[in-house]
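Working notes for the structure below.
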Amino acid sequence: MRSHMPLFTDGSCRIVGKHWRWKAAVWSPTRRVAEAAEGEGESSQFAEVKAIQLALDIAEREKWPTLYLSTDSWMVANALWGWLQQWKQSNWQRRGKPIWAAPLWQDIAAWLEKLVVKVCHVDAHVPKRWATEEHQNNQQVDQAAKIEVAQVDLDWQCKGELFMTRWAHDTSGHQGRDATYRWACDRGVDLTMDAISQVIHQCETCAAIKQAKRVKPLWYGGQWLKYQYGEERQIDYITLPQTRQGKRYVLTMVEATTGWLETYPVPHATARNTILGLEKQVLWRHGTPERIESDNGTHFRNNLIDTWAKVHGIEWVYHIPYHAPASGKIKQYNGLLRTTLRAMGGGTLKHWDTHLAKAAWLVNTRGSAN
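Its first residue numbered 1, the sequence shown is counted upward by one per residue in our numbering.
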């Protein structure tokens, strides 16, 4: 490899001050020197590609007939092994969309028409006892590509990491530490457990959810103790901002023994919608309850509801108006659902309909999450 004058390439990126800075580097083992280029506003992948341009420029300057490259980036290696030709044949598009950094790749493709390039992939960060000369040279270019920063810049980097962590925590719906970490990993966002723990500890929304979910398992003198799973439900309506589909109410239904919440969004709080919600979310999925409790609203207390309940053999019990102990469970779950929807909506209830299913899931699984 050394007889063919190999060049090692690498790129990096980090926050310096208030901006992302990138650095591309090329290391020549034979001359023991490195060349680098820097800039702002791009990623480490961009820097990896810029390093290839640097190497091509060196090869042209030195009038080499063949350029031998070593890189620890599979993206760069695969691109030069074959992807580049495929992109060129498809007019620099993939599945109908322009490929990432197309101008850079087009420039590299033009270089390759006049220069033969041989590419070798080298594993990065291997243990010292296994490191070959190739790995040592890769470490040299890795060092050359690192961006030097002052302590104040490191402080900004920490703030940038916390900013990204808060965004991930808010966007994922204020889940626990492990769930937030998995959500971020699935989307290619690199977060640390320490940063996630710090953000959750300081999150006012999480504190509100934690306070709201302290729901007692049974209410008013252990009245539900005589019922088994699925035999009793408490139901209610909550009012939310009207959606584009015209829905502004959610029928909430809580199972008495487990506190399992079911929801059914509707445009109007009516007896007919109450029956539809109960049938679709409760009866057809969990079986017919023996008893349903609600307030005295006209959407609950009317002839249509009475007839339907009798046909299905359901005892319908009405709460004392404004008596919290009687309707405590459903009211607290309504508050928890609202708090969760607001958290998932970035502090507002806009677009609540897109978050409703996941919000109900978070309410129902909150006990199993950290």
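Here a beta-carbon is modelled for each residue, glycine too, at the ideal position from N, C-alpha and C.
(Q) Using DSSP's beta-bridge definition, name the partner residues of K8. (A) As a working mapping, residue 8 is identified with position 8 in the sequence shown. The amino acid occupying residue 8 in the given sequence is Phe; Lys does not appear at that position. Note: F8 sits in a beta bridge opposite W27 and S70.
**Q.** For A144 and A34, believed in contact at Cβ under 8 Å, the rounded distance
**A.** Indexing the sequence shown from 1 puts residue 34 at position 34. Indexing the sequence shown from 1 puts residue 144 at position 144. At roughly 4 Å, the Cβ-Cβ gap stays under 8 Å, so A34 and A144 are in contact.
Q: Report the option in Q136, P65, L84 and L162 whose CA atom is closest to the CA atom of K114.
A: Within the sequence shown, the letter at position 114 stands for residue 114. If we check each option's Cα against that of K114, P65 comes out closest.
**Q.** Short Cβ contact (7 Å threshold) for W308 with I275
**A.** The count along the sequence shown starts at 1 and reaches residue 308 at position 308. The count along the sequence shown starts at 1 and reaches residue 275 at position 275. In contact: W308 and I275 (Cβ atoms closer than 7 Å).
(Q) Tell me the rounded alpha-carbon separation between P241 and R248. (A) Counting from 1 along the sequence shown, the entry for residue 241 is found at position 241. Counting from 1 along the sequence shown, the entry for residue 248 is found at position 248. Going from the Cα of P241 to the Cα of R248 covers about 6 Å.
Q.
Just verifying my parser: in three-state terms, what is the DSSP assignment at Y181?
A. Taking the sequence shown and counting its residues from 1, one reaches residue 181 at position 181. Here Y181 sits in helix by DSSP.
Q) Among residues of its own chain, excluding the 5 on either side of A269, which ones have a beta-carbon nearer than 6 Å to its beta-carbon? A) For the purposes of this step, residue 269 is taken as residue 269 along the sequence shown, with counting starting at 1. So the qualifying residues of the chain are Y237, Y249 and H299.
Q) In this structure, what does DSSP give as the bridge partners for Y229? A) Residue 229 sits at position 229 when you count from the first residue of the sequence shown. DSSP, once it has assigned bridges, lists no residue as partnering Y229.
(Q) For P265, report the span of its beta strand (DSSP E) as first-last. (A) Position 265 of the sequence shown holds residue 265. Per DSSP, P265 belongs to the beta strand (DSSP E) from L261 to V266.
Q. Looking at C-alpha atoms only, which residue of P127, E255 and G345 is the closest neighbour of Y371?
A. Residue 371 cannot be examined here, being either before or after the span of the chain that is shown, 1 to 370.
Q: For A357, count neighbouring C-beta atoms within 10 Å of its own C-beta (all shown protein chains included) and say buried if the count is 16 or more, exposed if not.
A: What you label residue 357 is simply residue 357 of the sequence shown in a count that begins at 1. The residue in question, A357, is exposed, as its Cβ has fewer than 16 Cβ neighbours within 10 Å.
Q.
Three Cβ pairs or more, each shorter than 8 Å: is that satisfied between the region 78–91 and the region 100–119?
A. yes
Q | Assigned secondary structure, I235 (DSSP; H/G/I helix, E/B strand, else coil) | A | Here residue 235 refers to the residue found at position 235 when the sequence shown is read from its first residue. In the structure shown, I235 sits in a strand (DSSP, three-state: E or B).
Q.
Which complete alpha helix (DSSP H) runs does the region 73–154 hold, if anything under 4 residues is left out?
A. 74–78, 84–89, 102–112 and 133–144
Q: Helix, strand or coil for L349, going by three-state DSSP, please let me know.
A: One-based indexing of the sequence shown puts residue 349 at position 349. DSSP places L349 in coil when its eight states are reduced to three.
**Q.** Reduced DSSP secondary structure (H/G/I, E/B, other) of H299
**A.** Taking the first residue of the sequence shown as position 1, residue 299 is located at position 299. H299 falls in the coil class under three-state DSSP.
(Q) Please report the straight-line C-alpha distance between E232 and L362, rounded to a whole angstrom. (A) Here residue 232 is taken as the residue at index 232 of the sequence shown, counted from 1. Here residue 362 is taken as the residue at index 362 of the sequence shown, counted from 1. So the two alpha carbons sit approximately 22 Å from each other.
Q.
If you reduce the DSSP assignment to three classes, tell me which class W316 lands in.
A. Here residue 316 corresponds to residue number 316 of the sequence shown, with the count starting at 1. The answer is strand: DSSP assigns W316 an E or B state.
Q) Tell me which same chain residues have a C-beta within less than 8 Å of the C-beta of M399, skipping the five on either side of it? A) Shown here, the chain extends from 1 to 370; a query on residue 399 therefore has no answer.
Q. Does the beta-carbon distance from K109 to K88 come in below 7 Å?
A. Mapped onto the sequence shown, residue 109 falls at position 109. Mapped onto the sequence shown, residue 88 falls at position 88. Residue identity check: residue 109 is Ala in the sequence provided, not Lys. Yes, these two residues count as a Cβ contact at 7 Å.
**Q.** Rounded distance between the beta-carbons of I99 and S12, thought under 8 Å
**A.** Taking the sequence shown and counting its residues from 1, the one referred to as residue 12 is at position 12. Taking the sequence shown and counting its residues from 1, the one referred to as residue 99 is at position 99. The pair is not a contact, with the Cβ atoms about 22 Å apart (cut-off 8 Å).
Q: In angstroms with no decimal places, state the Cα-to-Cα distance between A37 and W130.
A: Indexing the sequence shown from 1 puts residue 37 at position 37. Indexing the sequence shown from 1 puts residue 130 at position 130. The alpha-carbon atoms of A37 and W130 are separated by roughly 31 Å.
**Q.** Three-state secondary structure (DSSP) of R61
**A.** Sequence index remark: in the sequence shown, residue 61 carries index 61 (1-based). Helix at R61.
(Q) Could you check whether G345 and H286 sit closer than 7 Å to each other, using their CB atoms as the reference points? (A) The sequence position of residue 286 within the sequence shown is 286, counting from 1. The sequence position of residue 345 within the sequence shown is 345, counting from 1. It is not a contact, given that the beta carbons lie outside the stated cut-off.
Q. D39 by DSSP, collapsed to three states: which one?
A. In the sequence shown, residue 39 corresponds to position 39, counting from 1. Residue 39 is actually Gly in this sequence, not Asp. Three-state DSSP puts G39 in a strand.
Q. Where G347 and N273 are concerned, what is the direct C-alpha to C-alpha distance, given to the nearest angstrom?
A. In the sequence shown, the residue the question calls residue 347 occupies position 347. In the sequence shown, the residue the question calls residue 273 occupies position 273. Their Cα atoms are separated by approximately 29 Å.
Q | Per DSSP, the bridge partner or partners of Y249 | A | As a position in the sequence shown, residue 249 is number 249, starting the count at 1. Looking at the DSSP assignment, Y249 forms a beta bridge with T239 and V266.
Q: Could you tell me whether the Cβ atoms of W111 and L54 are closer together than 7 Å?
A: Counting from one through the sequence shown, the residue named residue 111 turns up at place 111. Counting from one through the sequence shown, the residue named residue 54 turns up at place 54. No.
Q: May I have the straight-line CA-CA distance separating D72 from P29, to the nearest angstrom?
A: Within the sequence shown, residue 72 is the residue found at index 72, counting from 1. Within the sequence shown, residue 29 is the residue found at index 29, counting from 1. For D72 and P29, the distance between alpha carbons rounds to 16 Å.
Q.
Determine whether the beta carbon atoms of I196 and T171 lie at a separation below 7 Å.
A. For the purposes of this step, residue 196 is identified with residue 196 of the sequence shown, where counting begins at 1. For the purposes of this step, residue 171 is identified with residue 171 of the sequence shown, where counting begins at 1. No; because the gap between Cβ atoms is not below 7 Å, this pair is not in contact.
Q: Give the straight-line distance between the Cα atoms of V141 and V76, rounded to the nearest whole angstrom.
A: Walking along the sequence shown from the start, residue 141 turns up at place 141. Walking along the sequence shown from the start, residue 76 turns up at place 76. Each residue's alpha carbon lies about 15 Å from the other.
Q) For A124, is the classification buried or exposed, using 16 other Cβ atoms within 10 angstroms of its Cβ as the cut-off for buried? A) Taking the first residue of the sequence shown as 1, we reach residue 124 at position 124. Flag for A124 reads exposed.
**Q.** Cβ pair H19, E40 closer than 7 Å
**A.** What you label residue 19 is simply residue 19 of the sequence shown in a count that begins at 1. What you label residue 40 is simply residue 40 of the sequence shown in a count that begins at 1. Closer than 7 Å, so yes.
Q | Exposed unless 16 or more other CB atoms sit within 10 angstroms - verdict on P103 | A | If you number the sequence shown from 1, residue 103 lands on position 103. Burial call: exposed.
Q.
For a test of the three-state rule: what should DSSP assign to G195, helix, strand or coil?
A. For the purposes of this step, residue 195 is taken as residue 195 along the sequence shown, with counting starting at 1. The amino acid occupying residue 195 in the given sequence is Ala; Gly does not appear at that position. It is helical.
Q) On the three-state DSSP scale, how would you describe V254? A) Looking up residue 254 in the sequence shown gives position 254. Looking at V254 - three-state DSSP - the assignment turns out to be strand.
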